[in-house]
Structure formats: structure tokens, C-alpha cells
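Enquirer:
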Amino acid sequence: MRFGVGISDHMADGGVADSYWEALEGHSRAWRALGLSFDPFAVCREALGAHWPGGAVVGRRGGRRLGDGVAREPNQGFLVHFDDASREYREDLLDVPLIGQFAFNLYLSVPPSGGETVLWRHRWQPGDEAYRLPGSYGYDEAVVRGAESLEITPRVGEALLIDPRNFHAVRPSRGARRVALGFAVGLASSGQLVTWA
Ligand SMILES: O=C(O)CCC(=O)C(=O)O
Ligand SMILES: [Fe+2]
Numbered sequence: 022m023r024f025g026v027g028i029s030d031h032m033a034d035g036g037v038a039d040s041y042w043e044a045l046e047g048h049s050r051a052w053r054a055l056g057l058s059f060d061p062f063a064v065c066r067e068a069l070g071a072h073w074p075g076g077a078v079v080g081r082r083g084g085r086r087l088g089d090g091v092a093r094e095p096n097q098g099f100l101v102h103f104d105d106a107s108r109e110y111r112e113d114l115l116d117v118p119l120i121g122q123f124a125f126n127l128y129l130s131v132p133p134s135g136g137e138t139v140l141w142r143h144r145w146q147p148g149d150e151a152y153r154l155p156g157s158y159g160y161d162e163a164v165v166r167g168a169e170s171l172e173i174t175p176r177v178g179e180a181l182l183i184d185p186r187n188f189h190a191v192r193p194s195r196g197a198r199r200v201a202l203g204f205a206v207g208l209a210s211s212g213q214l215v216t217w218a
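Per our numbering, residue 22 is the first one in the sequence shown, and the count goes up by one each step.
#1: Ligand 3: which residues have Cβ under 6 Å from any of its heavy atoms, chain order?
#2: With burial defined as no fewer than 16 other Cβ atoms inside 10 Å of the residue's Cβ, what is the status of residue 217: buried or exposed?
#3: Go through its chain and collect everything with a Cβ distance to residue 36's Cβ below 8 Å, but skip five positions before and after it.
#4: Per DSSP, what kind of secondary structure is residue 145 in: helix, strand or coil?
#5: Just curious, the beta strand (DSSP E) that residue 188 is in, first and last residue?
#6: Measuring alpha carbon to alpha carbon, tell me which residue in 93, 24, 115 is nearest residue 83.
#7: Output needed for residue 101: all residues of its chain with C-beta closer than 7 Å, excluding positions within five of it in sequence on either side, in chain order.
#8: Taking 8 Å as the limit between beta carbons, can you name the residues of its chain near residue 78, skipping five residues before and five after?
Put into C-alpha cells, the structure is as follows:
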């Protein structure tokens, strides 16, 4: 389950479809209807920016502000995959070139068992496509066979900042919901951190 708009669902010809901007407008109405007294994504950006000399701002494309983030509930887990805007899009996704990428997740609810985030010391290479699961974003776990791995059990209130160009997965949850607020973070050539979803 997800509350929010993810740009990867609106990819067209290696770029971003108009439907993304339309969906963002609809979502900001839904978000305002929650009547929250604060903006959790702004709090996360400020916390990140406070520890980074260039600060953290929402990224732009063609001058337009991208989405803030999404709330996601991957109770069934996520298959082994990687995220890399430089590979997924034909040209720069943002108005600034990226020299580094991260994925930020703040955990709001975690299960008593399962729900681990696993990260492998392996980045995509052409031969990995042989392990791609047909019609899926994911890869057969054999793609990371033999690679060094790190398994993290998130706790409520913690956030993880990982490099999602490394293959990673989320294990299925047992016994409670796994809910996280997430967005992508780029290190722009300007030195700023830029976020999007
Ligand atoms: O929920 C997590 O721990 C990681 C999810 C993920 O695949 C990502 O943020 O790219
Ligand atoms: Fe991911």
C-alpha cells in the first residue's frame, strides 16, 4: 500500500509523463485533507539539511517542484532490486546533475519479526539482466549470490539513508504493519541535497 505519488510510476520514453504532475496535484489535496499540524517530509529534509553544508531542498524538473515523499507499507516486502535515476531516465531527472544518490526511509511502524532491510555490496551490471523477473521491478535473489550483505532491522523513529544503487530488498513482515515515509535524495553537483518521490 502507498499514500502518495511515486515518479517511477509515471515514466514515459525515459522521461516523466504529464500524469505525474496531475497525480501530484490530486495528492496534495489528499494530503491537506489529513489536517496534520506539521509537514513530516519538511521535518525530515530539515533534519538532513542541518547536517549537510549545502542543505536539503525538494528537487525541480523544468522549474517545477517534484513530490515530497510517499508513505509506503510493504508488508509483503520488496524483491531484490536497485534504484538509480541515472539509469532509469534518458536525461537528467532533475534540473541539476546528480553525483550521488540515496534513499531515505523513516519507519513509523515495524513488525515484531521480519521487515528487515537487506543491502548487498553489488551494483547492477549488464549480466544481471539474466536474473530479472519477467514483468517485475525485481530480480531473482541469485543475482546477489556471493555478495557481502548487511541486514538492518529498523526500529520505529529511526531513519535509514542507503545508497539504492546497491541491490537491496525488504523481507516480508509478520505480526504488524511496516510503514515508512520515504523519498529519494540526490547529491547535486551544486553540493546541495535534493529530494524527490
Ligand atoms: O523500506 C526500506 O527499508 C527500503 C525500501 C526501498 O526499497 C527504497 O527505499 O528504495
Ligand atoms: Fe528500493
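Ideal Cβ positions, reconstructed from N, Cα and C, are used throughout, including at glycine.
Note that the coordinates shown come from a computational prediction; the quantities given were computed from them, not determined experimentally.
Expert: Inspection of the coordinates gives the following:
#1: Only ligand 1 and ligand 2 can be found as ligands here, which leaves ligand 3 out of the picture.
#2: Residue numbering aside, residue 217 sits at position 196 when the sequence shown is read from its first letter. By the neighbour-count rule (16 or more Cβ atoms within 10 Å), residue 217 is buried.
#3: The residue you call residue 36 lines up with position 15 of the sequence shown. Excluding residues within five positions, the ones whose Cβ falls inside 8 Å are 110, 111, 112.
#4: Along the sequence shown, read from residue 1 onward, the residue named residue 145 stands at position 124. Residue 145 falls in the coil class under three-state DSSP.
#5: Translated into positions along the sequence shown, residue 188 becomes position 167. Its beta strand (DSSP E) spans residues 187–191.
#6: As a working note, residue 83 is residue 62 in the sequence shown. For residue 83, the nearest C-alpha among the options comes from 115.
#7: As a first step, residue 101 is located in the sequence shown; it is residue number 80 there, counting from the start. Answer for residue 101: 159, 160, 162, 164, 165, 188, 190, listed in chain order.
#8: Counted from its first residue, the sequence shown places residue 78 at position 57. So the list reads 66, 70, 213, 214, 215, 216, once near-sequence residues are dropped.
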